[in-house]
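>
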Amino acid sequence: MTSIHNGEFLDITVKELMIPSERVAHVQVGNNLEHALLVLTKSGYSSIPVLDPSYKLHGLLSTPIIMESILGLERIEFEKLDSIKVETIMNTIVPRANTNTALKDMMEMLTDNPFICLEDDEGFFDGILTRRSVLKRLNTFLEI
Ligand code: AMP
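Residue numbering for the sequence shown is 1 to 144, as defined by the UniProt record's numbering.
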């Protein structure tokens, strides 16, 4: 039987598993939905952070939220894309944590969310921790 020793797991830091902010696809407050749809489609990610120019986190944006916002009674009103700003439709409920939080304390949040947004002590966006990166690391304990 394979077992993961508690100590080994506790040794893993969020910093070693996170995707740093400079590698996270995002949109900025003030961007319109056309730009956001372009970033989402080109990056292939289902949901991305909305930041302001100082890198403070404001929300999350996904393709379904965008499509919902331009859904008319009989058709999708694509012409609205360039006049709606991301901050008017983004989801402001964001799974977030301080980067220095222990990994074990993020596991419950990761069970319910594919990724957690990380902020530094000053509240600036630091990057994201994905469920995939944690599972990948845990899997190394299971390999013989
Ligand atoms: P993954 O487990 O790698 O498929 O990532 C899960 C989710 O995390 C993706 O669907 C995105 O919403 C988000 N994500 C992962 N990597 C990035 C990235 N580099 N930039 C923006 N969002 C990301």
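Quick reminder that beta carbons are idealized off the backbone N, C-alpha and C, glycines included.
Reducing DSSP to helix, strand and coil, say where N139 ends up.
N139 falls in the helix class under three-state DSSP.
> Helix, strand or coil for A36 per DSSP?
Taken through DSSP and simplified to helix, strand or coil, A36 comes out as helix.
> For I70 and D11, what's the separation of their Cα atoms in angstroms?
47 Å
> Please report how far the alpha carbon of R96 lies from the alpha carbon of S21, in whole angstroms.
14 Å
> Can you give me the C-alpha to C-alpha distance between V134 and E79, rounded to a whole angstrom?
40 Å
> Count the other CB atoms within 10 Å of the CB of M90; is the residue buried (16 or more) or exposed (fewer)?
buried
> Straight-line CA distance for M31 to E87?
Checking the displayed sequence, the identity of residue 31 turns out to be Asn instead of Met. Looking at the two C-alpha atoms, the distance is approximately 8 Å.
> For S62, which of G44, G72, S54 has the nearest alpha-carbon?
G44
> Need the endpoints of the beta strand (DSSP E) that D126 sits in, please.
Taken as a continuous stretch (DSSP letters only), the beta strand (DSSP E) holding D126 covers 125 to 130.
> Whose CA, out of R137, V24, F124, K15, lies closest to the CA of S54?
F124
> Measure how close the beta-carbons of M106 and L129 come, nearest whole angstrom, since I'm counting them as under 8 Å.
6 Å
> Taking C-alpha atoms, which residue in S47, G127, L103 lies nearest to R23?
G127
> By the 10 Å Cβ neighbour count, where 16 or more other Cβ atoms means buried, how is M67 classified, buried or exposed?
exposed
> Can you tell me whether Y45 sits near the ligand AMP, meaning its C-beta is under 8 Å from at least one heavy atom of the ligand?
yes
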